[in-house]
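Encoded as structure tokens, the structure appears first; notes follow it.
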DNA sequence: ATTTCATATGAAATAATATTCATAAGTAGT
DNA sequence: ACTACTTATGAATATTATTTCATATGAAAT
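Chains as they are written, first to last, in my numbering: chain A, 13 to 111; chain B, 13 to 111.
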């Protein structure tokens, strides 16, 4: 079992594609080929990026026949995304820097 | 006023030096030359990285004579760090994957 | 106005990361 | 055992980010 560092945590989150994948998995678990179809990205590219996400325990895998079903680690990801969204919105909306 | 994106948020957090700077500012606000001395890093390097942190509103500045005092945006940074720490610890300690 | 100190900035050089491509590995069916 | 299908992986290449270096800016003091 790998032990993710602070930096690896954020580095892994700092890729557009990886965040897109996480957003997708927010809806429901799905196999690799479904992710590639929806995001229109190459399979190996997606697999490499899934590996990064998995190394950080942002996602989990389960075998189902030939497929591998990836699912989100909601315990960490949901509060994280909420926190970031709050911060981003705060500094994008007028209300927040009018005070 | 710049509006940080999700990716910029995480990208900015994904640098060892920048996280070190944030950790320092967690203790107290300080000017650039104090940061450079403590971290033993070049001034311009520190300044470039402070800019990134500031663009994302992770830190704030205040002028004081020739110096510029940087301080942490604790509102976002404290809960963020706690969240990450929790996640990292969970996947580093035995208890968490024994279940 | 010029010197000094503190910090910022632009651009080239360097380092780190991601993507691509070819191929391997695993599974299920015939 | 062979084929088809799904996903993983290694290594070369391409892309992106960081650092460095030279210099600019800005504030205070003389």
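All C-beta atoms in this analysis are idealised placements derived from N, C-alpha and C, irrespective of residue type, glycine included. In this text, all values refer to a predicted model and were calculated from it rather than measured experimentally.
Look at the segment 48-106 of chain A and you find these whole runs of alpha helix (DSSP H), each 4 residues long or longer: 55-67 and 86-102. Around residue 60 of chain B, no beta-carbon contact reaches into chain A at under 9 Å, the shortest distance being about 17 Å. When C-beta atoms of the segment 30-44 of chain A are compared with those of the segment 31-40 of chain B, fewer than three pairs fall below 8 Å, so the two segments do not count as touching.
Among the CB atoms of chain B, none fall inside 9 Å of the CB of residue 43 of chain A. The C-beta distance from residue 26 of chain B to residue 26 of chain A rounds to 5 Å, short enough to fall under 8 Å. Scanning its chain for C-beta atoms nearer than 8 Å, with the 5 sequence neighbours on each side dropped, one finds around residue 88 of chain B the residues 69 and 70, in chain order.
Taking C-beta separations shorter than 8 Å and ignoring five residues to either side along the sequence, the partners of residue 85 of chain B in its chain run 69, 70, 71 and 72, following chain order.
Closest option to residue 33 of chain B, judged by alpha-carbon separation, among B:81, B:76, B:98 and B:77: B:81.
Spatial neighbours of residue 30 of chain A in its own chain (CB-CB distance under 7 Å, excluding positions within 5 residues in sequence) are listed in chain order as 24, 61, 64 and 65. By the neighbour-count definition (other C-beta atoms within 10 Å, threshold 16), residue 90 of chain A is an exposed residue. The criterion of a C-beta distance shorter than 9 Å is satisfied by residue 15 of chain B and residue 103 of chain A. For a Cβ distance threshold of 8 Å, residue set 19 of chain A lies close to residue 28 of chain B, ordered along the chain.
By the rule that beta-carbons nearer than 9 Å mark a contact, residue 23 of chain B touches chain A. A Cβ-Cβ distance of about 15 Å is found for the pair residue 92 of chain A and residue 20 of chain B, leaving them out of contact under the 8 Å criterion.
Rounded to whole angstroms, residue 53 of chain B and residue 28 of chain B show a C-alpha spacing of 12 Å.
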